[in-house]
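K.L.:
As numbered in this note's numbering, residues 1 to 351 make up the sequence shown, in order.
Just so it is clear, CB atoms sit at the ideal spot from N, CA and C, and this is done for glycine as well.
The structure presented is a predicted model; accordingly, all values stated were derived computationally and were not measured.
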Amino acid sequence: MLHVDLDQFIAAVELLRRPELVGLPVIVGGRGDPTERAVVSTASYEARAFGVGSGMPLKIAARKIPDAVFLPVDAPAYTAASDEVMATLRAQPGAVVQVLGWDEAFVGLRTADPDAAARGIQAAVLARTGLHCSVGIGDTLIRAKNATDFGKPQGRFRLTADNWLDVMGARPTAALWGVGAKVSKRLAALGITTVAELAAADTAPLAAEFGPKMGPWYRQLGRGDGSATVDDTPWVARGHSRETTFQTDLTDRADIVEAARALIGQVLADVAAEGRPVVGVGIKVRYAPFTTKNLVHKIDETGDEATVTAELLRLVDKIDADRAVRLLGVRAEMAMPADARDGHTPTRGGW
1 MLHVDLDQFI
11 AAVELLRRPE
21 LVGLPVIVGG
31 RGDPTERAVV
41 STASYEARAF
51 GVGSGMPLKI
61 AARKIPDAVF
71 LPVDAPAYTA
81 ASDEVMATLR
91 AQPGAVVQVL
101 GWDEAFVGLR
111 TADPDAAARG
121 IQAAVLARTG
131 LHCSVGIGDT
141 LIRAKNATDF
151 GKPQGRFRLT
161 ADNWLDVMGA
171 RPTAALWGVG
181 AKVSKRLAAL
191 GITTVAELAA
201 ADTAPLAAEF
211 GPKMGPWYRQ
221 LGRGDGSATV
231 DDTPWVARGH
241 SRETTFQTDL
251 TDRADIVEAA
261 RALIGQVLAD
271 VAAEGRPVVG
281 VGIKVRYAPF
291 TTKNLVHKID
301 ETGDEATVTA
311 ELLRLVDKID
321 ADRAVRLLGV
331 RAEMAMPADA
341 RDGHTPTRGG
351 W
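1. For alanine 47, which option in Thr245, Gly138, Leu159 and Ile65 has the closest C-alpha, if you only look at C-alpha atoms?
2. Give me the residue from Thr203, Val281 and Gly51 with the minimum Cα distance to glutamate 301.
3. Cα separation between glycine 343 and aspartate 5?
4. Can you tell me whether threonine 309 is buried or exposed, with buried defined as 16 or more other CB within 10 angstroms of its CB?
5. Within a Cβ cutoff of 6 Å, which residues of the same chain sit near alanine 201, ignoring the five residues on either side of it in sequence?
6. Checking contacts by CB at 8 Å: is tyrosine 218 closer than that to chain D?
7. Indicate whether the contact test is met: 3 or more Cβ pairs, each with one atom in the region 272–289 and one in the region 329–340, closer than 8 Å.
8. Output the distance between the C-alpha atoms of glutamate 305 and threonine 194, rounded to the nearest integer angstrom.
9. Which residues share a DSSP beta bridge with arginine 31?
10. Between leucine 16 and valine 26, which are expected to be in contact by the criterion C-beta below 8 Å, what is the C-beta distance as a whole number of angstroms?
11. Using 10 angstroms around the beta-carbon of alanine 38, count the other beta-carbons present and answer buried if the total reaches 16, otherwise exposed.
12. If you run the structure through DSSP and keep just helix, strand and coil, what is lysine 59?
13. DSSP on glutamine 220, reduced to helix/strand/coil?
14. Is arginine 390 helix, strand or coil when you go by DSSP?
15. Any contact of the region 66–77 with the region 26–35, i.e. 3+ C-beta pairs under 8 Å?
16. Which first and last residues belong to the alpha helix (DSSP H) in which serine 184 is found?
17. When you compare only the Cα positions, how much space is there between histidine 132 and valine 236?
18. Which term fits valine 296, buried or exposed, when burial requires 16 or more other beta carbons within 10 angstroms of its beta carbon?
19. On the DSSP letters alone, give me the boundaries of the alpha helix (DSSP H) that lysine 293 sits inside.
20. Determine which residues share a DSSP beta bridge with histidine 132 and list them.
21. Within this structure, are the beta carbons of glycine 136 and glycine 120 separated by less than 8 Å?
22. Less than 8 Å separating the beta-carbons of leucine 268 and threonine 244?
23. What residue does the alpha helix (DSSP H) around aspartate 149 start on, and which one ends it?
24. By how many angstroms is the C-alpha of glycine 155 removed from the C-alpha of glutamine 92?
25. Alanine 91 by DSSP, collapsed to three states: which one?
26. Terminal residues of the continuous alpha helix (DSSP H) containing methionine 168?
27. So, with DSSP's three-state summary, where would you put isoleucine 264?
28. Apart from the five residues just before and just after aspartate 320, which ones in its own chain have a Cβ nearer than 8 Å to its Cβ?
29. Going by C-alpha distance, which of Val316, Val278, Val279 and Thr307 is nearest lysine 293?
30. Under the three-state reduction of DSSP, which class applies to alanine 306: helix, strand or coil?
31. Which two residues bound the contiguous beta strand (DSSP E) that contains leucine 327?
32. Taking DSSP's pairing of strands, which residues face aspartate 5 in a bridge?
33. For alanine 43, which three-state DSSP category applies?
34. Taking 7 Å as the limit between beta carbons, can you name the residues of its chain near arginine 348, skipping five residues before and five after?
35. Exposed or buried, aspartate 103, counting other C-beta atoms within 10 Å across all chains shown (16 or more means buried)?
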């Protein structure tokens, strides 16, 4: 199986439209105005060399690279480019394609020469879209996904049971697909800091810390084991969320409630399109200057919009009235179909 990851995808799409910017530090985010409150969606490799990365506030990025080129996010353009890439992957003879996002997918192929297949995919994507990609080759989804990191940019790398620990063993657990900063910190509290240590860990303490399902899974993850099947079943969303960053902090309670109601309306529309009941709600609030809090709770399964609205507004009422609000987000969790996660590999987003 192959993991195909487009190199600096959003920036690359912009550079195709503006070839005069090739070689310059290009930063895409918000409305392209570094004086506004927004974050970096992606940065060209030239910008990354200065320490600019996704999620960084544009104002900080501008301080790092005062002469960078800032561009606004153009989601329709990225969706169109992604669709072309995925169509190219599906056109490969015998390919099964599992889309992970705009810029990455697993491709399952039966071939005696996976490296040649990877080269063929890279050439086909480049010829059709003008975009470069890196390809990870593995005997499990986990190994293929992690292999891509070693092939970037525009390269290929293979990780299998034979070389997994040689390559990954000394790396920190956060290097694994499925382990983020919070999980790695919890693993460190158990004395597990490297992939090799996780691979050899006793499952009992892991199960005690993370639960009977995810605990043993993390040990399996440390070994690079897991699913060896690419599944093209469409992904089922667990929930929907919307958020907005205010250019001017909100301090008036009425303004905060009004902003929350607007976001709630958008989320309810997203949920209605799914046709599944809501089972949990949450809000995200970022106080000035940059302190973020998340408030969540489960609710009785319901499809009633008024009930969901009321539950979300209960959380909004918990926002500290004495603090200015910089960002507000709302989320609704939906009931999952019984078979929605069968055979899927857990990721940082859950099952």
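P.N.:
Working from what's here:
1. Answer by Cα proximity: Ile65.
2. Comparing alpha carbon positions, the residue from Thr203, Val281 and Gly51 closest to glutamate 301 is Val281.
3. Confidence is the limiting factor: at glycine 343 the pLDDT is only 48, short of 50, which leaves the residue's position unreliable, though a coordinate-based value still follows. If you take the alpha carbons of glycine 343 and aspartate 5, they lie about 22 Å apart.
4. By the neighbour-count criterion, in which a residue is buried when 16 or more other Cβ atoms sit within 10 angstroms of its Cβ, threonine 309 is buried.
5. Close CB contacts of alanine 201 within its chain, under the 6 Å cut and outside five residues either way in sequence, are with Ile192 and Arg219 (chain order).
6. Among the protein chains of the structure shown there is no chain D, as only one such chain exists.
7. Yes, the region 272–289 touches the region 329–340.
8. About 46 Å.
9. None; arginine 31 has no bridge partner.
10. Actually they are not in contact, since the Cβ atoms of leucine 16 and valine 26 sit about 12 Å apart, beyond 8 Å.
11. Alanine 38 should be labelled buried.
12. DSSP, read as helix, strand or coil, puts lysine 59 in helix.
13. In the structure shown, glutamine 220 sits in a helix (DSSP, three-state: H, G or I).
14. Here the chain covers residues 1 to 351 and nothing more, so residue 390 does not appear.
15. The region 66–77 makes contact with the region 26–35, as at least three CB pairs between them are under 8 Å.
16. Where serine 184 is concerned, the enclosing alpha helix (DSSP H) stretches over 181–189.
17. Distance between the alpha carbons of histidine 132 and valine 236 is about 28 Å.
18. Exposed, since its Cβ has fewer than 16 Cβ neighbours within 10 Å.
19. No alpha helix (DSSP H) contains lysine 293, which is instead part of the beta strand (DSSP E) from 291–302.
20. According to DSSP, histidine 132 shares a beta bridge with no other residue.
21. No. Outside cutoff.
22. Contact flag unset, no.
23. Run containing aspartate 149: 141–151, per the alpha helix (DSSP H) assignment.
24. CA-to-CA, the gap between glutamine 92 and glycine 155 works out to about 19 Å.
25. Under the three-state reduction of DSSP output, alanine 91 falls in the coil class, being neither helix nor strand.
26. Counting along the chain, methionine 168 sits inside the alpha helix (DSSP H) bounded by residues 164–168.
27. Helix.
28. The residues are Tyr287.
29. Taking each of Val316, Val278, Val279 and Thr307 in turn and checking the Cα distance to lysine 293, the smallest one comes out for Val316.
30. Helix, per DSSP.
31. Note, leucine 327: beta strand (DSSP E), 325–334.
32. Residue pairing by DSSP places aspartate 5 opposite Glu104 and Ser134 in a beta bridge.
33. Note: alanine 43 maps to strand in three-state DSSP.
34. Any reading at arginine 348 must be qualified, since the residue scores a pLDDT of 34, below 50, and its modelled position is unreliable; no value is offered.
35. A buried status is given to aspartate 103, since no fewer than 16 other beta-carbon atoms sit within 10 Å of its beta-carbon.
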